[in-house]
Amino acid sequence: MMRKRILVGSVAAAMLIAAGAFIVPPGSDANAQAGKRLPQLDTGDASAQPWKRYAGWPVRDASKFNTLANLASPPPPTAARKLTGPITGDSTKGAVLVADRNRGGSCLACHTMGPAGGTALPGNVGPDLSEIGNAGREDKWLFNYVFDARVYNPETVMPPWGGHGIFNEAEINDIVAFLKTLKSPAPYKTELDNPDKRPAPVEKRDNLDPIENPGMWAVDKAQELWKQKSAIGFSCNTCHSDPKESFKTWAASMPKWEPRLNKVLGVEEFVTRHTKATTGDTWLMETDENRVMSVYLHYLANGTPIKIDTTSAESKAAIERGKALSARKVGELNFACTDCHGKSANKWIRGQWLGEPKGQADHFPTWRTSLQAIWDIRQRFQWCQVNIRADELAPDAKEYGDLELYLVSQNEGQKLSVPGIRH
Amino acid sequence: MAEKPRLKLPKEAKKGEIIEIKTLMPHVMESGQRKDKDGKTIPRRIINKFTAEFNGKPVFSATIEPAVAANPYLQFTAKVEESGTFKFSWTDDDGSIITAEEKITVA
Numbered sequence: 001m002m003r004k005r006i007l008v009g010s011v012a013a014a015m016l017i018a019a020g021a022f023i024v025p026p027g028s029d030a031n032a033q034a035g036k037r038l039p040q041l042d043t044g045d046a047s048a049q050p051w052k053r054y055a056g057w058p059v060r061d062a063s064k065f066n067t068l069a070n071l072a073s074p075p076p077p078t079a080a081r082k083l084t085g086p087i088t089g090d091s092t093k094g095a096v097l098v099a100d101r102n103r104g105g106s107c108l109a110c111h112t113m114g115p116a117g118g119t120a121l122p123g124n125v126g127p128d129l130s131e132i133g134n135a136g137r138e139d140k141w142l143f144n145y146v147f148d149a150r151v152y153n154p155e156t157v158m159p160p161w162g163g164h165g166i167f168n169e170a171e172i173n174d175i176v177a178f179l180k181t182l183k184s185p186a187p188y189k190t191e192l193d194n195p196d197k198r199p200a201p202v203e204k205r206d207n208l209d210p211i212e213n214p215g216m217w218a219v220d221k222a223q224e225l226w227k228q229k230s231a232i233g234f235s236c237n238t239c240h241s242d243p244k245e246s247f248k249t250w251a252a253s254m255p256k257w258e259p260r261l262n263k264v265l266g267v268e269e270f271v272t273r274h275t276k277a278t279t280g281d282t283w284l285m286e287t288d289e290n291r292v293m294s295v296y297l298h299y300l301a302n303g304t305p306i307k308i309d310t311t312s313a314e315s316k317a318a319i320e321r322g323k324a325l326s327a328r329k330v331g332e333l334n335f336a337c338t339d340c341h342g343k344s345a346n347k348w349i350r351g352q353w354l355g356e357p358k359g360q361a362d363h364f365p366t367w368r369t370s371l372q373a374i375w376d377i378r379q380r381f382q383w384c385q386v387n388i389r390a391d392e393l394a395p396d397a398k399e400y401g402d403l404e405l406y407l408v409s410q411n412e413g414q415k416l417s418v419p420g421i422r423h
Numbered sequence: 424m425a426e427k428p429r430l431k432l433p434k435e436a437k438k439g440e441i442i443e444i445k446t447l448m449p450h451v452m453e454s455g456q457r458k459d460k461d462g463k464t465i466p467r468r469i470i471n472k473f474t475a476e477f478n479g480k481p482v483f484s485a486t487i488e489p490a491v492a493a494n495p496y497l498q499f500t501a502k503v504e505e506s507g508t509f510k511f512s513w514t515d516d517d518g519s520i521i522t523a524e525e526k527i528t529v530a
């Protein structure tokens, strides 16, 4: 802490002495490529603190559940709950509950549920329940499977609807009563409605064509920003006058373990810390300046196969931590990254395709056509969590660093193509 | 930073060739129909007119209405008989006019 303050102080003093004529260390670009000690703000946060969720994102109290930084969820049940008698729920109410996207997020997101469940774009993460009423399951089994399926299958991806208090017992009785009425296969109106026949989405747009991909406009903006002088008279261009050459491969080697910060640094956090220490500009993560600069730095390395440090002891340890985090159950819906993008990868959750980890790192930051916005990988992580009703972390959280390193390590050899374009 | 229009047309063409021209103008295209979170109408602000001319002669023009989505994209064709310059203009509701040019060589 002290050392850093001294460092910052001495830089400021040097600048005062030089009266604006900052002496650029010769070959600073070469230093950057060689990974030598770089000017970098080693203290404080790289994103707005305390982190405030993006405007327009759902707000829901998820403080009782795990996050990637915190363990808080109630423990799984140890035994199945006993029923006092046969299920006497109201199947009509159950039919409404299974389709209610505000409550459970809709059972149909993962299960086809016959004609009564409605057959518009059900998912296939879970088994087809269209004929569950003929399966000869006991009431107790059905009740507990909905209440908290972990009593029967500790590896299940089914959310603990009762265990996490999303539905109460009476509501689960209604749902079970509805399940017992399901006795005939779903008549799909079109093949697209059938998740087993629905073709996987293919991205054919040319993501590097600025007419097709507004994300490309960030490249122009970044080039202006590159030369824009800060309050103390410096710009990126002061040291890096030939970015096309000097950053030809750099972004493909990120993220990396940073011993001075004891965490994994991605391109975005590096931009914040390096800019602060050099030009003095404050380009916090998830601000427009940071996003366009991240797009540009990735863009300059387009075509380069991803190759990160996976062999040093620190990187290995970070990858192991990232792997463990990817398997941690988080949020009210109790999903781990691996539930959707491992066990259920290449399946449909409603109309959304669950991708594999491979192929998820080469196009970030990416343009989201549905949102008319650029998202970097950290914002994507944050959305995954909010979407499964977990609290997200600040974008510069060390847990995201570990997770990013683990994700990118599964994408080694993939060639960068940034900005991507996705729905 | 002002947004700049995006153009795509060939740099060279044969005499009499029909070429394809793609134009895209980054713009919010606020329809005037939406309300903000306090219930107040968000004022209309769209690109209401587009023109394209070649060597001073009109080639294509369009009156654009509020139903057109953000970042209006127009694609059209033109027959070129001689080398020259395409000039494009987009008129904003606020009165400003954004222009762009692109040269083409006809062999």
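Protein chains in written order, with the numbering used here: chain A, 1 to 423; chain B, 424 to 530. All C-beta atoms in this analysis are idealised placements derived from N, C-alpha and C, irrespective of residue type, glycine included.
What are the boundary residues of the alpha helix (DSSP H) that includes residue i?
{"i": "A:E320", "result": "A313 to S326"}
{"i": "A:N144", "result": "D139 to D148"}
{"i": "A:A424", "result": "No statement about residue 424 of chain A is possible, as the shown extent of chain A runs from 1 to 423 and does not include it."}
{"i": "A:N290", "result": "D288 to L300"}
{"i": "A:E404", "result": "K398 to S409"}
{"i": "A:N262", "result": "Per DSSP, A:N262 belongs to no alpha helix (DSSP H) and is neither H nor E."}
{"i": "A:T238", "result": "C236 to C239"}
Sorted by chain position, which residues of the same chain lie with C-beta nearer than 6 angstroms to residue i's C-beta, five sequence neighbours on each side aside?
{"i": "A:N334", "result": "P159 and P160"}
{"i": "A:A327", "result": "A336 and T338"}
{"i": "B:E435", "result": "T528"}
{"i": "A:P201", "result": "W353"}
{"i": "A:C236", "result": "W226"}
{"i": "A:A318", "result": "W257, V264, D402 and L405"}
{"i": "A:G191", "result": "Contrary to the premise, residue 191 of chain A reads as Glu rather than Gly in this sequence. Excluding sequence neighbours, A:E191 sits near K197."}
Since I believe residue j is in contact with residue i (beta carbons under 8 angstroms), could you give me their beta-carbon distance rounded to a whole number of angstroms?
{"i": "A:E271", "j": "A:M254", "result": "Correcting the residue identity first, residue 271 of chain A is Val in this sequence and not Glu. Their Cβ separation, rounded to whole angstroms, is 10 angstroms, which puts A:V271 and A:M254 out of contact at 8 angstroms."}
{"i": "A:G266", "j": "A:I377", "result": "7 angstroms"}
{"i": "A:D90", "j": "A:E269", "result": "Going by Cβ atoms, the distance from A:D90 to A:E269 rounds to 52 angstroms, so no, they are not a contact pair."}
{"i": "B:T474", "j": "B:P481", "result": "7 angstroms"}
{"i": "A:N109", "j": "A:F178", "result": "It should be noted that the sequence gives Ala, not Asn, for residue 109 of chain A. Contact doesn't hold; Cβ gap of about 16 angstroms is too wide."}
{"i": "A:L121", "j": "A:G342", "result": "That pair is no contact at about 23 angstroms."}
Expressed to the nearest angstrom, what Euclidean distance is found between the alpha-carbon atoms of residue i and residue j?
{"i": "B:I470", "j": "A:G44", "result": "44 angstroms"}
{"i": "B:K430", "j": "A:I211", "result": "Going by the sequence as given, residue 430 of chain B is Leu instead of Lys. Whole-angstrom Cα-Cα distance: 8 angstroms."}
{"i": "A:A313", "j": "A:Y406", "result": "14 angstroms"}
{"i": "A:T88", "j": "A:F167", "result": "16 angstroms"}
{"i": "A:A116", "j": "A:D174", "result": "14 angstroms"}
{"i": "A:D42", "j": "A:K398", "result": "14 angstroms"}
{"i": "A:R150", "j": "A:S409", "result": "31 angstroms"}
{"i": "A:Q466", "j": "A:N124", "result": "Residue coverage of chain A in this structure runs from 1 to 423, which leaves residue 466 of chain A outside it and unanswerable."}
{"i": "B:M452", "j": "A:A301", "result": "34 angstroms"}
{"i": "A:E224", "j": "A:K52", "result": "29 angstroms"}
{"i": "B:L447", "j": "B:P495", "result": "6 angstroms"}
{"i": "A:F22", "j": "A:D220", "result": "Low confidence applies to A:F22: its pLDDT is 40, below 50, so where it sits in the model is not reliable, and the reading given next is rough at best. So the alpha carbons of these two residues sit roughly 27 angstroms apart."}
{"i": "A:L430", "j": "A:P75", "result": "In the structure as shown, chain A starts at 1 and stops at 423, and residue 430 of chain A therefore has no counterpart that could be examined."}
{"i": "A:A231", "j": "A:P259", "result": "30 angstroms"}
Suppose the cutoff is 8 angstroms on Cβ atoms and the five residues either side in sequence are ignored; what does the same chain contact list for residue i look like?
{"i": "A:Y374", "result": "Sequence inspection shows Ile at residue 374 of chain A; the Tyr mentioned does not correspond to that position. Taken in chain order, the residues that qualify are G215, A218, R291, V292, V295, P365, T366, W367, R368 and P419."}
{"i": "B:L432", "result": "I442, E443, I444, K445, F509, E525 and I527"}
{"i": "A:T61", "result": "According to the sequence shown, residue 61 of chain A is Asp rather than Thr. Correct list: empty, nothing qualifies."}
{"i": "A:E152", "result": "First, the residue type needs correcting, since residue 152 of chain A is Tyr and not Glu in the sequence shown. Counting only Cβ-Cβ distances below 8 angstroms, and skipping sequence neighbours, we find A80, W141, N144 and Y145."}
Return the first residue and the last residue of the beta strand (DSSP E) that residue i is part of.
{"i": "A:R273", "result": "It is not in any beta strand (DSSP E) - A:R273 instead sits in the alpha helix (DSSP H) that spans V267 to T278."}
{"i": "A:W226", "result": "Where A:W226 is concerned, there is no enclosing beta strand (DSSP E), although the alpha helix (DSSP H) it sits in stretches over W217 to K227."}
{"i": "B:T514", "result": "G507 to D515"}
{"i": "A:P243", "result": "Element bounds for A:P243: not the beta strand (DSSP E) but the alpha helix (DSSP H), P243 to S246."}
{"i": "B:T446", "result": "E440 to L447"}
{"i": "B:T522", "result": "I520 to V529"}
{"i": "A:E471", "result": "In this structure chain A extends from 1 to 423, so residue 471 of chain A is not present and cannot be described."}
{"i": "A:I421", "result": "G420 to R422"}
Which residues in the same chain as residue i place their Cβ atom closer than 7 angstroms to its Cβ, once the five residues preceding and following it in sequence are excluded?
{"i": "A:W57", "result": "V386"}
{"i": "A:S47", "result": "L284, M285, E286, A394, P395 and D396"}
{"i": "A:P39", "result": "H274, A277 and T278"}
{"i": "A:I172", "result": "F143, V146, F147, W161 and G162"}
{"i": "B:T514", "result": "I470, N471, K472 and I520"}
{"i": "A:G27", "result": "Unreliable placement is indicated for A:G27, whose pLDDT of 45 sits below 50; the coordinate value is still reported in the next sentence. Once the five neighbours on either side are set aside, A:G27 has no close Cβ partner at all."}
{"i": "B:A523", "result": "P428, L430 and F511"}
Requested in this report: Quick one: which unbroken beta strand (DSSP E) runs of 3-plus residues sit fully inside the region 333 to 389 of chain A? Chain order, please.
Outcome: 366 to 368 and 373 to 375
**Report entry** Ranges of the alpha helix (DSSP H) found wholly within the region 49 to 127 of chain A, counting only runs of at least 4
**Finding:** 91 to 98
**Report entry** Complete beta strand (DSSP E) runs within the region 465 to 512 of chain B (minimum length 3 residues, chain order)
**Finding:** 470 to 477, 480 to 486 and 496 to 503
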